[in-house]
Each structure stands twice: as structure tokens, then as C-alpha cells.
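One structure is given below, encoded as C-alpha cells.
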Amino acid sequence: MGLDNCCLVDLPKITDPRGNLTFIEANRHVPFEIKRVYYLYDVPGGSDRGGHAHKRLHQLIIALAGSFEIVLDDGQTKKPFHLNRSYLGLHVGPMVWREIRNFSSGAVCLVLASDFYDETDYYRDYHAFLEAVRPK
Ligand code: TYD
261 MGLDNCCLVD LPKITDPRGN LTFIEANRHV PFEIKRVYYL YDVPGGSDRG GHAHKRLHQL
321 IIALAGSFEI VLDDGQTKKP FHLNRSYLGL HVGPMVWREI RNFSSGAVCL VLASDFYDET
381 DYYRDYHAFL EAVRPK
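What follows is the structure in C-alpha cells.
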């Protein structure tokens, strides 16, 4: 749980003068079975998203194009990451609040997720999230 479960993953990169190639295999390059893929695109430059945590979901977040910042927060510590490489993924585990900020124009944010979309898996209220993660 928490930020110990979150790290940058260096994905395989096949460099080629015709264009580079990166691949991702479930349970090898990401430590979970991939059940869902989604992506954010046409995001206005400078805008922000995120602002939630998941109870059980694992995700790998990749800046497929452009760049953005992700601030992870487990209720104790906040840790910023700048994503701007197509071969770098950020693994975000359960019970971690994330804010995604400062998208460059034309950025594409790819997310691989360990489960299907389920609204009951979200904390969308920061205070409710803090109540859940902070020791009583
Ligand atoms: P949300 O997770 O709130 O995006 P962000 O935190 O990046 O702003 O999702 C935005 C909307 O899209 C919300 O109404 C739920 C819906 N949605 C799906 O229907 N399926 C999905 O897989 C995702 C990620 C979101």
C-alpha cells in the first residue's frame, strides 16, 4: 500500500532509425493482468486532471506523447513525477491519491489498469481518502 507500491518502470525500448518501439506484457513489465486500457487526449495545454484514489486498482501511467506531472500522495507523503518519455511508466498502486497537472498541448496519457471501470473503487473526496488511509 501507499507510495512504496509506486515506482517508475523502465519499459523495453527497441531503438531503430525508422522509429522506436516499446512493448508491454502483462505480469512481466507491469506487475498485474491488464484488463482495461484508456487514454486522455485532446487535453488543453496547461490543464489538470486526476484528483482521485482507487481502493484496489493498480495502474501503469505513460506519457505516450508530450508531458505532464503526476503528484502522488498516500496521506503521509507527496511525491512528484514528471513524465515525458514514451518508454517510462509510473506504477500507481491502491490507496494513492493522484493529481495530474500541467499537460503539454498534444499530450497523450495512456493508462493500463488491472480491472474494469468501477465507480465504487474510487475515492473522489480527498477528506474521505485521508480518513481511510490515516491511522485512527
Ligand atoms: P475520471 O476517472 O474521473 O477521469 P479523471 O480523473 O482523469 O478526470 O473519469 C472521467 C469520466 O469518465 C467519469 O465520468 C467516468 C468515466 N470513465 C469511464 O466510463 N470508464 C473509464 O474507464 C474511465 C477511466 C472513466
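Here the numbering used here is used: the first residue of the sequence shown is 261, the next is one more, and so on.
We put the beta carbon where it would ideally sit given N, CA and C, even for glycine.
Here the structure is a predicted model, which means the values were calculated and not measured.
State the DSSP-derived secondary structure class of residue i, mapped to helix, strand or coil.
i, result
"Leu437", "Residue 437 lies beyond the stretch modelled for the chain, which goes from 261 to 396, so this question has no answer here."
"Thr380", "helix"
"His312", "strand"
"Asp264", "helix"
"Ala323", "strand"
"Ala388", "helix"
"Val356", "coil"
"Val290", "strand"
"Ser393", "Residue 393 is actually Val in this sequence, not Ser. DSSP places Val393 in helix when its eight states are reduced to three."
"Pro340", "strand"
"Val303", "coil"
How many Å lie between residue i and residue j at the Cα?
i, j, result
"Tyr386", "Arg316", "17 Å"
"Phe376", "Ile294", "9 Å"
"Arg288", "Ala323", "20 Å"
"Asp270", "Phe292", "16 Å"
"Leu370", "Arg345", "12 Å"
"Asp302", "Ala367", "7 Å"
"Pro272", "Ser327", "19 Å"
"Leu332", "Leu390", "13 Å"
"Val290", "Ala325", "20 Å"
Could you tell me whether the Cβ of residue i comes closer than 9 Å to any Cβ of chain D?
i, result
"Asp270", "The structure shown contains no chain D; it is built from a single protein chain."
Which one of the options has the shortest CA to CA distance from residue i?
i, options, result
"Asn265", "Leu320, Asn344, Leu390, Arg345", "Leu320"
"Tyr356", "Arg345, Ser374, Asp375, Tyr382", "Reading off the sequence shown, one finds Val at residue 356, where the question assumed Tyr. When only C-alpha atoms are compared, the closest one is Tyr382."
"Leu268", "His314, Glu379, Leu350", "Leu350"
"Val352", "Ala392, Gln336, Ala313", "Ala313"
"Leu263", "Leu348, Glu391, Tyr347, His318", "His318"
"Tyr299", "Ile330, Leu372, Arg278", "Leu372"
"Ala392", "Glu329, Pro354, Leu348, Val290", "Pro354"
"Pro395", "Tyr347, Asp276, Gln336, Ile330", "Gln336"
Determine the burial state of residue i: buried for a count of at least 16 other Cβ atoms within 10 Å of its Cβ, exposed for fewer.
i, result
"Ser374", "buried"
"Ala388", "exposed"
"Asp334", "buried"
"Val297", "exposed"
"Ile274", "exposed"
- Touching by the beta-carbon criterion (3+ pairs, under 8 Å), the stretch 282–296 and the stretch 330–341: Cβ pair count under 8 Å is below three, so no.
- Taking one C-beta from the stretch 297–308 and one from the stretch 357–365 each time, how about it: are there three or more such pairs within less than 8 Å? yes
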